[in-house]
Amino acid sequence: MNQEVIISNGDLSKKPLVAHQSYFRKCYGYDHGEDDKFIINEDEVVNVRKVFKWYLGDKSILGIMKQLDNHGIKSFTGKYK
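Read left to right, the sequence shown gives residues 61 to 141 (the working numbering).
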């Protein structure tokens, strides 16, 4: 079943956004707070910053994956890679 939700930004002059159900999935570095608003997860945000630092340092996606593995950082599902 494909669920969609209308999201209003409060500006009635603009067309409302339609969010797919994936909008409500876990996003690494964030938790869902009240009213499904994103809240920064202080434990995970450290790793998110590392990923961006490596990316801006010209690391490839594979290189970033290797760095995460070398640092023992698991995905939000608890897996390596």
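C-beta: ideal position from N, C-alpha, C; glycine also.
When secondary structure is reduced to three states using DSSP, residue 91 falls in the strand class. Ranked by Cα distance from residue 131, the first of 90, 92, 110 is 110. Its chain contains 133 as the residues whose beta carbon lies nearer than 7 Å to that of residue 107, once the 5 sequence neighbours on both sides are disregarded; these appear in chain order. If the five residues before and after residue 105 are omitted, its C-beta is found closer than 8 Å to the C-beta atoms of 89, all from its own chain and listed in chain order.
Between residue 92 and residue 100, the gap from beta carbon to beta carbon reaches 9 Å or more.
Relative to residue 136, the option among 97, 114, 103 whose CA is nearest is 103. CA-to-CA, the gap between residue 113 and residue 125 works out to about 13 Å.
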